[in-house]
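**Q**
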Amino acid sequence: MKEVLNDKFFEDYWMKSYYHLKNIQYMEFNSGSIEKILRDQFLEPRDFLLAKNGQFVNEQLITSLSSKPLFNRRERIVDSSKALKLVNSNKCSLKIFSVNRWSRPVSTTRESLQRLTNHYCSANLYYTPANGCCFSRHKDGYDIFIYQVEGSKEWYLGDINEEDGEKESKESDVKIVLNAGDILYLPANIAHYAKCTSDASIHVTFGLHRPDYFSMYEYFLEKLRPKYQKEFEMMPSENAYNKEALGNKMSAMQVELKALFSQPQAVDEFINYYLNESISIKNTTPGERI
621 MKEVLNDKFF EDYWMKSYYH LKNIQYMEFN SGSIEKILRD QFLEPRDFLL
671 AKNGQFVNEQ LITSLSSKPL FNRRERIVDS SKALKLVNSN KCSLKIFSVN
721 RWSRPVSTTR ESLQRLTNHY CSANLYYTPA NGCCFSRHKD GYDIFIYQVE
771 GSKEWYLGDI NEEDGEKESK ESDVKIVLNA GDILYLPANI AHYAKCTSDA
821 SIHVTFGLHR PDYFSMYEYF LEKLRPKYQK EFEMMPSENA YNKEALGNKM
871 SAMQVELKAL FSQPQAVDEF INYYLNESIS IKNTTPGERI
């Protein structure tokens with residue numbers, strides 16, 4: 621991935637437009653790996669979900685309720701080993717959250733993406749049977765890398781129109797077919813929907829979660845509150861995104877802020893990002909080229 625996520629990628633596509641990478645990386649993961657996870661690991665209800673026609677159907681896997689209430693409610697007991705059978709018989713789609721906990725190849729790729737992008741990375745797995753389409757068209761509020769692990773899947777990128785079928789492709793959509801070994805990068809807020817071809821599909825979506833820089837700034841300023849109490853009281857909320865006001869206050873507190881960081885240059889990078897990039901993209905939608 622280091623060769624793929626090069627300067628050209630970050631200059632031309634990062635946070636701007638989708639990018640289809642063909643025949644890049646084959647991950648050592650298959651349907652047998654999923655069966656092993658479901659059979660050998662204890663998955664709680666929050667660890668996975670089943671979806672069909674946009675509806676969640678996890679309830680079909682609940683086998684019993686615990687005999688002793690926990691925090692005034694009975695714990696649900698789920699038989700995750702039945703998930704794949706239910707997926708194939710009912711044409712459901714299976715999603716496993718944070719699958720890196722049980723897969724070394726996924727964990728290694730996740731760690732690599734975190735190093736290359738300097739963002740926290742989540743890793744969720746999706747298994748969809750042949751000709752299946754179980755999740756409605758939607759947007760993610762963060763950038764994603766979609767790794768096609770097994771089979772093929774058709775992806776449709778385009779606007780969401782509530783009057784149209786959310787699971788139907790449109791003439792205005794950009795269509796991309798992912799085969800095993802392909803990777804698709806999507807910036808945040810690009811509407812997308814996918815359906816399987818004649819083969820079952822496995823893909824892993826790595827989500828890159830950007831920090832909320834205003835919250836980060838407030839967090840560090842909170843440490844300086846005793847010294848700058850009047851400054852806080854004098855900053856009206858409507859000026860929270862006023863670049864000049866923020867710039868002046870940041871400059872005045874730079875020395876103290878740098879003392880809070882193990883690497884002082886991080887303060888300069890943070891201030892530069894916040895004033896010159898973060899605010900400027902608040903009212904734009906990445907991927908507007910589509």
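So the mapping is simple: the numbering used here equals the position in the sequence shown, first residue as 1, plus 620.
For glycine and all other residues, C-beta sits at the position ideal for the given N, C-alpha and C.
Note that the structure is predicted; figures quoted are calculated from it, not measured.
Taking the CB atoms as reference points, tell me whether W775 and L745 lie closer together than 8 Å.
**A** no
**Q** Taking just the CA atoms, how far does C712 sit from R694?
**A** Low confidence applies here, because R694 scores a pLDDT of 46, under 50, leaving its location unreliable; read the following figure in that light. Those two C-alpha atoms are separated by around 27 Å.
**Q** In the DSSP assignment, the alpha helix (DSSP H) including Q734 goes from what residue to what residue?
**A** R724 to T737
**Q** Have a look at Y747, L777, L706 and H758 and flag the residue whose alpha-carbon is nearest the alpha-carbon of V769.
**A** If we check each option's Cα against that of V769, Y747 comes out closest.
**Q** If I measure Cβ to Cβ from K759 and keep anything under 6 Å in the same chain, skipping five residues before and after, which residues do I get?
**A** N809 and A811
**Q** Out of curiosity, what's the CA-to-CA distance linking S718 and D667?
**A** Spanning the two alpha carbons is a distance of roughly 8 Å.
**Q** Quick one: what does DSSP say F826 is sitting in, helix, strand or coil?
**A** Correct three-state label for F826: strand.
**Q** Assuming H640 and I796 make a contact with CB atoms under 8 Å, what is their CB distance in whole Å?
**A** 5 Å
**Q** Apart from the five residues just before and just after L625, which ones in its own chain have a Cβ nearer than 6 Å to its Cβ?
**A** L736
**Q** Going by the C-beta, is I822 closer than 7 Å to any heavy atom of the ligand ADP?
**A** No copy of the ligand ADP appears in this structure; indeed no ligand is present at all.
**Q** When we look at the beta-carbon of D802 and count the other beta-carbons within 10 Å, is it buried (16 or more) or exposed?
**A** Per the 10 Å Cβ criterion, buried.
**Q** Since L663 and K715 are thought to touch, with beta carbons under 8 Å apart, how far apart are those beta carbons, to the nearest angstrom?
**A** No, L663 and K715 are not in contact; Cβ-Cβ is about 12 Å, not under 8 Å.
**Q** Can you grab the Cα-Cα spacing for the pair N720 / E791, in whole Å?
**A** 36 Å
**Q** Would you kindly report the start and end of the unbroken beta strand (DSSP E) that includes D911?
**A** The requested residue 911 is not part of the displayed model; the chain covers only 621 to 910.
**Q** CA-CA distance, M779 and I654?
**A** Before going on, a small fix: residue 779 reads as Asp here, not Met. Cα to Cα, D779 sits roughly 33 Å from I654.
**Q** DSSP state of V677, grouped into three classes?
**A** coil
**Q** The alpha helix (DSSP H) that contains I911, what's its start and end?
**A** What is shown of the chain runs 621 to 910, which leaves residue 911 out entirely.
**Q** When you compare only the Cα positions, how much space is there between K636 and T825?
**A** 18 Å
**Q** On the premise that I822 lies in contact with N710, defined as a C-beta separation below 8 Å, what is that separation, rounded to the nearest angstrom?
**A** With 8 Å as the limit, N710 and I822 do not qualify as a contact, their Cβ atoms being about 18 Å apart.
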